[in-house]
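Numbering of the sequence shown is given in this note's numbering, commencing with residue 1 and proceeding in unit increments.
One structure below.
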Amino acid sequence: MIAVHVTHEAVEQMGGIGAVIAGLTTAKAYDEAVTRTVLLGPLLRTDQPVNRRLGEGGKILYSSLDDIEPAPWNERFRRIERTYDVGIIYGTREVTAACSGDVAEVEVLLVDVFHANRDRLNLFKSELYAKFAVPSDRFESTWEYEQYVRLAEPGFEALKAIGCEAGDEPLVILAHEYMGMPTALKAVLTGEPNTRTVFYAHEVASVRPIVEDRPGHDTMFYNVMPRAREQGLRLEQVFPEALINFKHPLVKAARYCDHVFAVGDRIGDELRFLDPHFVTMGVDLVYNGIPDGRITPDERAESNDRLLRYAEALLEQRPTWVFSHVCRPVLSKGIWRDLAVLHELEPLLAERGETAAYFMLGTLAGPRRGQDARQMERVYGWPVTHERGYPDLCGGEELLGEMFDAFNEDHTAVRAILVNQWGWNRLACGQRMPEEMDFADLRRGVDAEFGLSVYEPFGISQFEPLASGALCVTSNVCGCMGLARREAGDDGFADNIIEGDFLRAPEGATIEELIAMPITQRDAIEDDEAARLARLLDEKLARDGATIRGRIERGQELARRMSWEHVVGDYILPSLERASQT
């Protein structure tokens, strides 16, 4: 089987899809079943030097942009480049799994679509509309739409040029999210008998903005959806704003693919709400995996001590506990819910004479230079204290800064620290961080990891500290909870995972009442749940060695059952094999 992953993360990992591709390709079971892996995507930047075109350590075999055009690739690619007025880069690079360090070599095909043959492109767009009801004329001014439509035809032809359809081996094109759909639809149009298409739903892009933008968030949406489906209503009828989302028609067109993969149970439900065709065609559950590294209690204690020493250097007192939330701090991550739980937790800890530090690690403005971090640290006490404007709060981080400042003004037993940076070491975070600290310590040493998202198709990071004995405080809309329920067995997961439930809407509420849910009603629901979660967290924090040893043992076993190796073998490969054979 040849697997082609169509993605914007063909060159480097920028988010969840890149993490999934790394977990997949480095799994032994995947390597045994898949003979070639090709990452296909648009060239996102033309200003990179030739040695960075394919990322760190990438090897270029052909690049018309850099006059690297040896035979036989020049003969195979030039015709495509002339026909579609594009540039092509082809080579290999290594993919590395973040936590395990396992490495796999993959092929990479990039297409420079910053210019295109307009006549051919318009013909393709007309086919997309006539066959699949995808109206490109409404969205072609949106580059995030246009570039993936431009990729489809030359990208598919380039796959043939590198021999992906040369033999009897089945070719499976995995369209990762809406970005891969134009290429998948091109494959459908060609009708090649040995090619299969899969829509790989890492989310339902039509749904995410509805959940994020409506005041009721997940409390509203996941109560509306089952009621609407019972009445035979579709997403567009209940939430007409989906129609102006440029991603929506491409996601709907996934019904024309041969198969659909969903990374979580709710993603399957959302697709069936989106279009009834997804009910009849079926949706395969292909959960993501999580790290399953082994750690001893002594190693955990060493990492925990580094975190506590860093918190002490920042706060001038050594806390009893250290919590974290590692994420890109967008609205869907529900960070205000973390602070609500910490608010309820403070008097419980204070009564015990305990304190806690909570680190939120993530940025909306990209990595800061190490010298800037040291300057902010020295001048005004970053990351405890913040200022508006680059290199500190910018790009949407300003509201986060206000939230954290307001929290710390009213709390002493629990302090919240916003580390708006990419990286977790002294070079990235300043001189007060222990010299030996690295990101692994933040995964191995925390006492609890938060992840109370309002929209989270899976959520790998929420469970990353699981194998180290941390409590994972996760909302029930996170797709990872579905996998945890399936794999926990008779013992359950209550000793290691605290499941948040913000979906307790008033009984008997109508669809119209739920859609109109005001912020005050949502806040009341969230306040009640935050209090419940705080009580559970206070009860379950490991206050003796036996508890932490048991939690590490159970966490490692659960992480093993949820590992990439296990998930690939039990969920993803069977679905891939079905996709290649039907």
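For every residue, glycine included, the Cβ atom is placed at its ideal position computed from N, Cα and C.
Bear in mind the structure is a predicted one, so any value in this text is a computation, not a measurement.
Item: For residue 213 and residue 519, I'd like the C-alpha separation in whole angstroms.; Value: 12 Å
Item: If you pair each beta-carbon of the stretch 179-188 with each one of the stretch 4-23, do three or more pairs fall below 8 Å?; Value: yes
Item: Count the other CB atoms, across all protein chains shown, that sit within 10 Å of the CB of residue 28; report buried if there are 16 or more and exposed otherwise.; Value: exposed
Item: Alpha helix (DSSP H) containing residue 360: first to last residue?; Value: From DSSP, residue 360 is part of no alpha helix (DSSP H) but of the beta strand (DSSP E) over 356-361.
Item: Taking one C-beta from the stretch 74-94 and one from the stretch 104-112 each time, how about it: are there three or more such pairs within less than 8 Å?; Value: yes
Item: Shorter than 7 Å, the distance from the beta carbon of residue 54 to the closest heavy atom of the ligand ZN, or not?; Value: Ligands displayed in this structure: none; no statement on the ligand ZN is therefore possible.
Item: Just grab the DSSP bridge partners of residue 145 for me.; Value: Answer by DSSP bridge pairing: none, since residue 145 is not bridged.
Item: Does the count of Cβ pairs from the stretch 224-244 and the stretch 267-287 closer than 8 Å reach three?; Value: yes
Item: In angstroms, rounded to a whole number, what distance separates the CA positions of residue 252 and residue 118?; Value: 25 Å
Item: Tell me the DSSP secondary structure of residue 261 in three-state form.; Value: strand
Item: In angstroms, rounded to a whole number, what distance separates the CA positions of residue 418 and residue 366?; Value: 14 Å
Item: Taking 8 Å as the CB-CB limit, is residue 361 close to chain B?; Value: Going by chain labels, chain B is absent from the structure shown, which holds only one protein chain.
Item: Counting C-beta neighbours from all protein chains within 10 Å, is the total for residue 390 16 or more, i.e. buried, or is it exposed?; Value: exposed
Item: On a Cα-Cα basis, can you pick out the residue from 69, 25, 196 that is closest to residue 254?; Value: 196
Item: Where are the alpha helix (DSSP H) runs, 4 residues long or more, that stay fully inside the stretch 469-525, in chain order?; Value: 480-487, 511-515
Item: Give the single residue among 576, 15, 386 whose Cα lies nearest to the Cα of residue 261.; Value: 576
Item: Count the other CB atoms, across all protein chains shown, that sit within 10 Å of the CB of residue 67; report buried if there are 16 or more and exposed otherwise.; Value: exposed
Item: In three-state terms, what does DSSP make of residue 397?; Value: coil
Item: Suppose you measure from the CA of residue 310 to the CA of residue 335; what does that come to, to the nearest Å?; Value: 22 Å
Item: Pick out whichever of 303, 65, 39 has its Cα sitting closest to the Cα of residue 469.; Value: 303
Item: Using beta-carbon positions only, say whether residue 40 and residue 134 come within less than 8 Å of one another.; Value: no
Item: Express the C-alpha separation of residue 258 and residue 579 in angstroms, rounding to a whole number.; Value: 7 Å
Item: Spell out the partners DSSP gives residue 450 in its beta bridges.; Value: 473
Item: Take residue 248 as the anchor and find which of 513, 43, 455, 204 has the nearest alpha-carbon.; Value: 204
Item: Here's the rule: buried if 16 or more other CB atoms are within 10 angstroms of the residue's CB, otherwise exposed. What is residue 379?; Value: exposed
Item: What does residue 94 pair with, by DSSP beta-bridge criteria?; Value: 105
Item: Restricting to Cα atoms, I'd like to know which of 433, 361, 384, 370 is closest to residue 305.; Value: 433
Item: Excluding the 5 residues preceding and the 5 following residue 46 in the sequence, name in chain order all residues of the same chain whose CB lies nearer than 8 Å to its CB.; Value: 65, 112, 114
Item: Just to confirm, are residue 526 and residue 493 a CB contact at a threshold of 8 Å?; Value: no
Item: Please report the distance separating the alpha-carbon of residue 426 from that of residue 101.; Value: 22 Å
Item: Could you name each continuous beta strand (DSSP E) segment of 3 residues or more that falls completely within the stretch 9-55, going from the start of the chain to the end?; Value: 36-42
Item: Put residue 558 into one of helix, strand or coil per three-state DSSP.; Value: helix
Item: Quick one, are the C-beta atoms of residue 161 and residue 77 less than 8 Å apart?; Value: yes
Item: Which stretch, first to last residue, makes up the alpha helix (DSSP H) that contains residue 115?; Value: Unbroken run through residue 115: none, as it is neither H nor E.
Item: State buried or exposed for residue 498, treating a residue as buried only when at least 16 other CB atoms are found within 10 Å of its CB.; Value: buried
Item: Among 286, 268, 287, which one has its Cα closest to the Cα of residue 278?; Value: 268
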